[in-house]
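In the numbering used here, the protein residues as written are 1425 to 1610.
Cβ atoms here follow ideal geometry from the backbone N, Cα and C, with glycine treated the same way.
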Amino acid sequence: MKDDEIISLYWERDEKAIAATAMRYGSYCHAISYNILHNTQDAQECVNDTWLGAWKSMPPNRPNCLPAYLGKITRNLSLNRFRHYSAEKRGHGQAAIVLSELEECVPAQNSVEQVIEGIALGQSINRFLYAQPRQKRNIFIRRYWYLCPIRDIAAAYGMSECKTASLLFRMRNALKTHLEKEGIQL
């Protein structure tokens, strides 16, 4: 079933939408959640919550890109669960490592002003990424959006872990420079 057909099922409030979504995007959403939580059961619960989130949000939302829409819901649910576990000293996985790697080049959102400026930050990061060669952009996104381990990224691109880590380090520094040039305070 195509994405437009699945979205139409949500708009018609047809429960077949959930089954079609699970069949088409279940493994995709599970991979996102598992990379954050490193726990199969928790990842599956987040994926199930993703279907509920999609059901509740469509309508009124009509996503242009269903996989990105579902991926964002899954990622947010998984990060929330990770934060809950981290608060209880039970968390593990890539999320803490990835977030610590980015903290030097992306400002923290502690104030209302910084939250409002988050939109500008997102646009600036998008401009930076789209100026990068496709492979570098994809490696960066796999690491910092999907929270993939460096060894998995290196294997997927036929690179050594050292080279992958070095590329990510250089890209973080370039992102920091880009954000500073655009006037985003770090």
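Item, Value
"CB contact flag (Y1434, A1441, <7 Å)", "yes"
"Three or more C-beta pairs below 8 Å linking the stretch 1486 to 1498 and the stretch 1465 to 1476", "yes"
"Option nearest R1596 by Cα separation, candidates Y1449, Y1568 and M1447", "Y1568"
"A1460 classed as buried or exposed, judged by whether at least 16 other C-beta atoms fall within 10 angstroms", "The question names Ala, but residue 1460 is Ile in the sequence shown. Flag for I1460 reads buried."
"Identity of the residue in P1484, A1555 and I1574 nearest S1590 by Cα", "I1574"
"Cα-Cα separation, Y1642 to L1503", "In the structure displayed, the chain extends from 1425 to 1610; residue 1642 sits before or after that span and is not available."
"Sub-7 Å separation of L1553 and R1561 beta-carbons", "yes"
"Exposure of A1478, with buried meaning 16 or more beta-carbon neighbours within 10 Å", "buried"
"Residue burial classification, I1543 (beta-carbon count within 10 angstroms, cutoff 16)", "exposed"
"8 Å contact criterion, which I1431 and L1490 should meet: CB distance rounded", "6 Å"
"For R1437, three-class secondary structure by DSSP", "coil"
"DSSP state of R1486 mapped onto helix, strand, coil", "coil"
"Distance, I1456 Cα to L1571 Cα", "8 Å"
"Cβ shell of E1606 (< 7 Å), same chain only, five flanking positions each side left out", "S1548"
"Cβ separation of H1454 and Q1465, assumed to be a contact under 8 Å, to the nearest whole Å", "Their Cβ separation, rounded to whole angstroms, is 11 Å, which puts H1454 and Q1465 out of contact at 8 Å."
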